[in-house]
Amino acid sequence: MTYVVTENCIACKYTDCVEVCPVDCFYEGENTLVIHPDECIDCGVCEPECPADAIRPDTEPGMDQWVEFNRKYSEMWPVIVTKKDPLPDAEERDGEEGKMEKYFSEAPGEGG
């Protein structure tokens, strides 16, 4: 099992989760985070830290696409280990439908 970041992180990018990760397996895109599925040790400490409820175990139905999404972008983006401010419209975007099509950017974040 692994944990993955799902669509609700897009355009929110809360980073509370990165501070509690014992193995630094979070990677930062311009407007979302991902977890490297091969680095995640399945400890689960990140899941309850996410204000947007965007971190899910891969054992839930429909998570295969998110495992591959997280794998792809964790190999392209820089690691993030420090909490940062969420995106300006995070509260407004939390729970919004269709965020992948509307907002997702492949651009890397700053990391750090």
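Residues in the sequence shown are numbered consecutively from 1, following full-length UniProt numbering.
From the three backbone atoms N, C-alpha and C, an ideal C-beta is built for every residue, glycine too.
Residues bridged to residue i (per DSSP)
i: residue 26; result: 35
i: residue 3; result: 57
i: residue 79; result: 27
i: residue 108; result: 29
Beta carbon of residue i nearer than 8 Å to that of residue j
i: residue 28; j: residue 77; result: yes
i: residue 80; j: residue 15; result: yes
i: residue 3; j: residue 42; result: yes
Span separating the alpha-carbon of residue i from that of residue j
i: residue 87; j: residue 12; result: 5 Å
i: residue 21; j: residue 110; result: 18 Å
i: residue 58; j: residue 30; result: 23 Å
i: residue 40; j: residue 25; result: 6 Å
i: residue 66; j: residue 99; result: 14 Å
Cβ shell of residue i (< 6 Å), same chain only, five flanking positions each side left out
i: residue 96; result: none
Sequence-distant residues of the same chain with beta carbon closer than 7 Å to residue i, five excluded per side
i: residue 107; result: 29, 30
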